[in-house]
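One structure is given below, encoded as C-alpha cells.
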Amino acid sequence: MALADKTSIDEAAFRMSEATAGDFFALLKPRVMSLVVFTAFVGMVAAPVAINPLLAVIAILSIAIGAGASGALNMWYDADIDAVMTRTAGRPVPSGRIRPGEALAFGLVLSVLSVMTLGVLGNWLAATLLAFTIFFYAVVYTMWLKRWTPQNIVIGGAAGAFPPVIGWAAVTGSVSLESVILFLIIFLWTPPHFWALALFKSDDYGRAGIPMMPNVAGQASTRRQIFAYALLLAPVGVLPWMLGYTTPIYGVAAALLGIGFVWYAWKVLAMADDDRVMKPAKALFAYSLLYLFAIFAAYLADSVVERALAMGGA
Numbered sequence: 001m002a003l004a005d006k007t008s009i010d011e012a013a014f015r016m017s018e019a020t021a022g023d024f025f026a027l028l029k030p031r032v033m034s035l036v037v038f039t040a041f042v043g044m045v046a047a048p049v050a051i052n053p054l055l056a057v058i059a060i061l062s063i064a065i066g067a068g069a070s071g072a073l074n075m076w077y078d079a080d081i082d083a084v085m086t087r088t089a090g091r092p093v094p095s096g097r098i099r100p101g102e103a104l105a106f107g108l109v110l111s112v113l114s115v116m117t118l119g120v121l122g123n124w125l126a127a128t129l130l131a132f133t134i135f136f137y138a139v140v141y142t143m144w145l146k147r148w149t150p151q152n153i154v155i156g157g158a159a160g161a162f163p164p165v166i167g168w169a170a171v172t173g174s175v176s177l178e179s180v181i182l183f184l185i186i187f188l189w190t191p192p193h194f195w196a197l198a199l200f201k202s203d204d205y206g207r208a209g210i211p212m213m214p215n216v217a218g219q220a221s222t223r224r225q226i227f228a229y230a231l232l233l234a235p236v237g238v239l240p241w242m243l244g245y246t247t248p249i250y251g252v253a254a255a256l257l258g259i260g261f262v263w264y265a266w267k268v269l270a271m272a273d274d275d276r277v278m279k280p281a282k283a284l285f286a287y288s289l290l291y292l293f294a295i296f297a298a299y300l301a302d303s304v305v306e307r308a309l310a311m312g313g314a
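Residues in the sequence shown are numbered consecutively from 1, following the numbering used here.
Spelled out as C-alpha cells, the structure:
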C-alpha cells in the first residue's frame, strides 16, 4: 500500500475516533426524546388494560431508541443547514465531531433495532406505527417538507404526535379514539409552538433557506395562524373529559391550561409589526413547553388515580 494511501486511511480513522459517547448521545436529540417517551408512557398508562411491566419497559425503550434514530437521521441530512444556523451550528455533525456517514449508519441501525424489538417482543401494530413515524420524520418531513413548504411543521408535526398512539397500541394491540385525541393535542400544539420559535429565529431560518411561515407569509400572517391554532387546541385539550375518558379534575386543569395558551397567543397576535424584542413570542414558546408537559402530566395523574380507585373498588 502506498504511503499516501496509508496516511489518508490513518487520518480517516483518527477523524472517526474524535466522536465521544456524549456526541452520539447528542445525536439522539435527548430533549426531544424525553418528550416522546413521556407522551408515549401517558398513552400506555391511559389504556384500559392491565399492563405487563416487562412489555412496558420494552415498548418504552423501543420508542426511545426509535425517537433517537429519527433525530440522528435528521441531523445527518440537515447538517448543511444546521451549520449556518446559530441555534444548531454546535450539533455533532455540522461541528465536525461526528462524520455524516457515522450519523447515517447510527440512525439506520437504531431504526431497525427499535422496530424489530418492538415487533418481536411487543406487537407488530405498534412496531408498524413506530416504523411509519421514523420514516415520516426522517424522509417526509426532513428530506421533503422542511425545505419545500411553509406548512412543513403542520404536516410534519404528525411525526411528533404519534408516540401516545404507539404507547397505547403497544399494550392493547389496537388504536382507539382516546389515543387519537392524544395525537390531536400534540398535532395542534406543534404549529404555534414552532411558529413562536420561528418568529424570533426568522433570521436563522432565512440564512438556511428554510421556508418557515414568518419568512414566507410574514409575521402578521404567522401571528394570526398561531392564534387560530390556539383557539383549536384549547377545546381539544378538554375533549377527553367531555367524552368521559377522564375525571372533571383533568377537565378543569386542561381548560385552565388552554385558556393560558390562548392568552399567550393573543399577546403574540397583538404584537407590533416592528417588535424586535419578540418578548410575547418567546413567552408563548416557553409556555407551550409547559402546556404540553402539564396537560399530559394531568392526563397521567388522572389515569393513575382512576386505575387505583378501580382496583380499590374491585
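By construction, the Cβ of each residue, glycine as well, lies at the ideal position given by its N, Cα and C atoms.
- Query: Under a three-way DSSP split, which group does LYS282 fall into?
  - Reply: In this structure, LYS282 counts as helix in the three-state DSSP scheme.
- Task: For ALA324, collect the residues of the same chain with a Cβ closer than 7 Å to its Cβ; drop the 5 residues on either side in sequence, then sort them by chain order.
- Result: Missing from the structure shown is residue 324; the chain here goes from 1 to 314 and no further.
- Please classify ILE166: does DSSP put it in a helix, a strand, or coil? Correct three-state label for ILE166: helix.
- By the 10 Å Cβ neighbour count, where 16 or more other Cβ atoms means buried, how is PHE25 classified, buried or exposed? exposed
- Task: In angstroms with no decimal places, state the Cα-to-Cα distance between LEU284 and PHE261.
- Result: 7 Å
- Indicate whether TYR250 and PRO240 have their beta-carbon atoms separated by less than 8 Å. yes
- Message: I believe ALA56 touches VAL171 by the beta-carbon criterion, under 8 Å. Please report the beta-carbon distance rounded to the nearest angstrom.
- Response: 7 Å
- Task: Let me know the secondary structure DSSP gives THR86 once reduced to three states.
- Result: coil
- Message: Just to confirm the assignment, what range does the alpha helix (DSSP H) spanning ARG224 have?
- Response: 219-242
- Message: Does the structure place the segment 146-158 close enough to the segment 42-58 that three or more beta carbon pairs sit under 8 Å?
- Response: no
- Roughly how many whole angstroms lie between the Cα atoms of TYR264 and THR86? 26 Å
- Message: For PRO94, which residues in the same chain have their Cβ closer than 6 Å to its Cβ, ignoring the five residues on either side in sequence?
- Response: ALA79, ASP82, ALA83
- Message: On the DSSP letters alone, give me the boundaries of the alpha helix (DSSP H) that GLY157 sits inside.
- Response: 152-161
- For LEU113 and PRO235, the rounded distance between their alpha carbons: Straight-line measurement puts the Cα of LEU113 at about 38 Å from the Cα of PRO235.
- Message: Runs of 4 residues minimum, wholly inside the segment 26-107: which ones carry the alpha helix (DSSP H) assignment?
- Response: Counting whole runs of 4 or more residues, the segment 26-107 contains the alpha helix (DSSP H) stretches 30-46, 53-77, 79-82.
- Message: Short of 7 Å in beta carbon distance, which residues of its chain neighbour ALA217, apart from the five on each side in sequence? Order them along the chain.
- Response: PRO150
- Touching or not, the segment 123-140 and the segment 186-194, by the rule of three or more beta carbon pairs under 8 Å? no
- Do SER179 and PRO164 have their CB atoms nearer than 8 Å? yes
- Secondary structure of THR133, DSSP reduced to three states: helix
- Message: What would DSSP say about TYR141, mapped onto helix, strand or coil?
- Response: helix
- For ALA281, which of LEU35, ALA67, PHE200 has the nearest alpha-carbon? PHE200
- Item | LYS201, DSSP secondary structure in three states | coil
- Task: Please classify MET116: is it buried, with 16 or more other beta-carbons within 10 angstroms of its beta-carbon, or exposed?
- Result: exposed
- Would you grab the beta carbon distance between ASN123 and GLY173 for me? Rounded to a whole angstrom, and I think it's under 8 Å. Right, the Cβ-Cβ distance comes to about 5 Å (below 8 Å), so this counts as a contact.
- Task: Classify GLU102 as buried or exposed, calling it buried when 16 or more other Cβ atoms lie within 10 Å of its own Cβ.
- Result: buried
- Task: Could you tell me whether the Cβ atoms of ILE186 and LEU292 are closer together than 8 Å?
- Result: yes
- Selected residue, minimal CA-CA separation from GLY156, among TRP189, ALA126, ILE181, ALA220: TRP189
- Task: Using the Cα positions of ALA347 and VAL36, report the straight-line distance between them to the nearest angstrom.
- Result: Because the chain in this structure spans residues 1 to 314, residue 347 falls outside the shown range and cannot be described.
- By how many angstroms is the C-alpha of ALA158 removed from the C-alpha of LEU28? 19 Å
- ARG147 (DSSP reduced to helix, strand or coil): helix
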